[in-house]
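When we follow the numbering used here, the leftmost residue of the sequence shown carries the number 21, and every step to the right adds one.
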Amino acid sequence: MSVQVKICGINHPDAAAAALAGGARFVGLVFFERSPRHVAPPLAAELARMIPTGVRTVGLFVDPDNEYLEHVVSQVPLDLIQLHGDESPARVAEIKAAFSMPVMKAIKVSSVEDLAAAEAYAQVADRLLFDAKPPAKVTALPGGNGIPFDWTILTGRTWAKPWMLSGGLTVANVAEAISISGAASIDVSSGVEDRPGHKDPDLIRDFLRAASH
């Protein structure tokens, strides 16, 4: 079974080109101003136009209100909304209904107990994403912190919806992460950067190659 890869935080055409050339199946655009990967809608629209049919364009949002979502989706052709904040299951369902678009909900994980939240979200979201819980400091971002969690807590588990593994994945550990967790889809952001917010096309290519072996 081939693993599907999402390259998240694309904010430059060179990074998008490398992701597509390497076989990425999802390309993530970050609409969260505190993130070094944040991309404004006009540039995001240009990047989205590079994405061919068959590769899904994902918009990452953190606790967005409907006004901001409308501001983005009216300009950027997205295939999937990723919610990476503290959105409740009810809010996930509300966004999905309001925008008639599939939604992926991030579940922040540091221990097996954190997986309990996945059941309620699986009832309303189209996909789940398991990401490392951010460190307890004011400057920490909701994701993209380069921190893995214990992948063994996912071993053998199934949910009602497709799920994706994220959090601290790199060229060096992605094959092990896939093997241990059993993930059919994975997500990487900081692990293919040479500095915060700057994707390295060579690292993207190497990561995609490592994930496919």
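For glycine and all other residues, C-beta sits at the position ideal for the given N, C-alpha and C. Predicted model only: the values in this text are computed from it and were never measured.
How should residue i be labelled, buried or exposed, when 16 other C-beta atoms within 10 angstroms of its C-beta is the threshold for buried?
i, result
"residue 77", "buried"
"residue 231", "buried"
"residue 31", "buried"
"residue 42", "buried"
"residue 102", "buried"
"residue 180", "exposed"
"residue 94", "exposed"
Using 8 Å as the threshold, is the C-beta distance between residue i and residue j below it?
i, j, result
"residue 89", "residue 46", "no"
"residue 56", "residue 217", "yes"
"residue 189", "residue 197", "yes"
"residue 24", "residue 204", "yes"
"residue 92", "residue 51", "yes"
"residue 224", "residue 27", "yes"
How many whole angstroms separate the CB atoms of residue i and residue j, which I take to be in contact at a CB cut-off of 8 Å?
i, j, result
"residue 207", "residue 185", "7 Å"
"residue 182", "residue 147", "5 Å"
"residue 149", "residue 127", "7 Å"
"residue 82", "residue 105", "4 Å"
Under three-state DSSP, which class holds residue i?
i, result
"residue 90", "helix"
"residue 210", "helix"
"residue 169", "coil"
"residue 191", "coil"
"residue 151", "strand"
"residue 35", "helix"
"residue 200", "helix"
Using a Cβ-Cβ cut-off of 8 Å, state whether residue i counts as contacting chain D.
i, result
"residue 145", "Looking for chain D here will not work: only one protein chain is present."
Within the region 39–119, ranges of the beta strand (DSSP E) (whole runs, at least 3 residues): Counting only runs that start and end inside the region 39–119, the beta strand (DSSP E) elements of at least 3 residues fall at 46–50, 76–81, 100–103.
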